[in-house]
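Working notes, beginning with the structure itself.
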């Protein structure tokens, strides 16, 4: 009887120790405060345009961001919605959307505004200054280009294309890629002279020439097709793959009258995180 009692007590002790250990392990994985992912945006906006931000929080937390304030201003950006973008063992990625307001547009100096931090106000009353990366907002301006755009498309595998027809003779002299220090090694841009459609752009029609510094100048006659296709692939150990990006890559050139033009294609990139990636971000390795 004493032996059975001793075994029972020993079993209970082991169970209690295990529960305490599990609890301490769980607590050790909990964030003291949410972590904003890094966003690298260089985009044109107007009143009503939507901006997306993502942040990491504990999986069981029901506290959300209610609104943002722009530092050193009284500009408030109400959050339209909080959504769970992805879930992990101990954490989750939340996605929020805000609209560009008239007040925000008014403070764009010389037509643009650069943000590296926002003041996040949470539903529990807490306030946190959050590093958002580098967000450049520019007032929308119509792009007068010597091309008629005929087709464009993108895919979840981080590829996309744009096709246009030249309205006059042009000379393309350069390619501009924002945030080149983070993105240059991950992106390949091809320029061709074939018409593409959403059905054939990746399977039938060749990509064209891989752009390098030696590719320029590129001459196009009136009526010629110009296709620009991009492919994004980060190396597995490249921490820049953990950020969000929105910007235009642009072919720059001059038309037959000497006027400078740009031929843009918009890049949208969102990372697909793993548990290892989340740990890396939390430990500040990104």
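In our numbering, the protein residues as written are 2 to 287. We put the CB at the ideal spot given by N, CA and C, even for glycine.
Could you pull the DSSP bridge partners for residue 140 from this structure?
DSSP lists 46 as partners of residue 140.
Only counting runs of 4 or more residues, tell me where the alpha helix (DSSP H) segments fall wholly within the stretch 132 to 195, in order along the chain.
Fully enclosed alpha helix (DSSP H) runs of 4 or longer: 181 to 184.
Among the candidates 281, 62, 270 and 284, whose CA atom is the shortest distance from the CA of residue 180?
That would be 270, whose Cα lies nearest to the Cα of residue 180.
Specify the secondary structure class of residue 241 as computed by DSSP and reduced to three states.
Reduced to three states, the DSSP call for residue 241 is helix.
Given a cut-off of 8 angstroms on the beta-carbon distance, is the pair residue 169 and residue 223 in contact?
Taking 8 angstroms as the Cβ cut-off, residue 169 and residue 223 qualify as a contacting pair.
For residue 32, which three-state DSSP category applies?
Three-state DSSP puts residue 32 in coil, outside helix and strand.
Can the beta-carbon of residue 57 be found closer than 8 angstroms to that of residue 282?
It is a contact, given that the beta carbons lie within the stated cut-off.
Taking DSSP as the reference, what is the three-state secondary structure of residue 119?
Reduced to three states, the DSSP call for residue 119 is strand.
Are the Cβ atoms of residue 175 and residue 229 separated by less than 8 angstroms?
Against a cut-off of 8 angstroms, the Cβ pair of residue 229 and residue 175 comes out as no contact.
Which residues in the same chain as residue 255 place their Cβ atom closer than 8 angstroms to its Cβ, once the five residues preceding and following it in sequence are excluded?
Once the five neighbours on either side are set aside, the close Cβ partners of residue 255 are 171, 172, 174, 261 and 262.
Residue 104 lies in the alpha helix (DSSP H); which residues open and close that run?
Per DSSP, residue 104 belongs to the alpha helix (DSSP H) from 103 to 107.
Could you check whether residue 187 and residue 235 sit closer than 8 angstroms to each other, using their CB atoms as the reference points?
Taking 8 angstroms as the Cβ cut-off, residue 235 and residue 187 qualify as a contacting pair.
What does a CB cutoff of less than 7 angstroms around residue 77 pick up in its chain, not counting 5 residues either side in sequence?
Excluding sequence neighbours, residue 77 sits near 68 and 70.
For residue 282, does the three-state DSSP call read helix, strand or coil?
Correct three-state label for residue 282: helix.
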